[in-house]
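Engineer:
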Amino acid sequence: MTFSDESPLFVNIHRRRLKYENARRAFIEALKRSGVNSDSRLHNFRHTFAVHRLLQWYKTDQNINAKLPFLSAYMGHVDITSTQVYLETAGELLQAGAERFNIFFLNHKGAL
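Offset between the sequence shown (1-based) and this note's numbering: plus 40.
1. Whole angstroms is fine: what's the gap from F85's alpha carbon to K99's?
2. Mapping the DSSP letters down to three states, classify R14 as helix, strand or coil.
3. Rounded to whole angstroms, how far is the Cβ of L95 from the Cβ of A136, which I believe are closer than 8 Å?
4. Taking the alpha-carbon positions, what's the V76 to F145 distance?
5. Could you give the first and the last residue of the continuous alpha helix (DSSP H) run that contains F144?
6. Among the residues of its own chain, which have a CB less than 7 Å from the CB of A90, if the five just before and after it don't count?
7. In three-state terms, what does DSSP make of V210?
8. How would you write the range of the alpha helix (DSSP H) that N105 sits in, first residue to last?
Structure (structure tokens):
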């Protein structure tokens, strides 16, 4: 099997692109079988993934501005604005950003 930049990430048993509705149904079924509240939405997992990815980048001192386009593309968004929806209410990200700002400020306050 060969892969290209256009190859789907998820495929069905016939090696065809997995349709959203089928993935959604399988996701809900997996939630039911595992005993997780079936009111949980795929959106919640996407939010958690995005927040954890950014937190990991903060922890490893990555350039967040340079990494955001990668996160956006991975999540299938056309631009970063669409990705921001998943990050707006994350207190952990605000704390990580504040900590990074404090470190930057303390290291550069003599230059101000």
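Cβ coordinates follow ideal geometry from the N, Cα and C atoms, glycine included. A quick note: this is a predicted structure, and the numbers were derived from the prediction, not measured.
Structural biologist: Reading it off the structure:
1. One-based indexing of the sequence shown puts residue 85 at position 45. One-based indexing of the sequence shown puts residue 99 at position 59. When rounded, the distance between both Cα atoms is 21 Å.
2. Because the chain spans 41 through 152 in this model, residue 14 falls outside it and cannot be assessed.
3. Position 55 of the sequence shown, counted from the first residue, corresponds to residue 95. Position 96 of the sequence shown, counted from the first residue, corresponds to residue 136. Confirmed, Cβ separation roughly 6 Å.
4. Here residue 76 corresponds to residue number 36 of the sequence shown, with the count starting at 1. Here residue 145 corresponds to residue number 105 of the sequence shown, with the count starting at 1. Cα to Cα, the separation comes out at about 43 Å.
5. Here residue 144 corresponds to residue number 104 of the sequence shown, with the count starting at 1. Counted as a single uninterrupted DSSP element, the alpha helix (DSSP H) harbouring F144 occupies residues G131 to H148.
6. As a position in the sequence shown, residue 90 is number 50, starting the count at 1. In its chain, beyond the 5 residues on either side, L111, M115, T123, Y126 and L127 have a beta carbon closer than 7 Å to the beta carbon of A90.
7. Residue 210 lies beyond the range of the chain shown here (41 to 152); nothing can be said about it.
8. For the purposes of this step, residue 105 is identified with residue 65 of the sequence shown, where counting begins at 1. Element bounds for N105: I104 to Y114.
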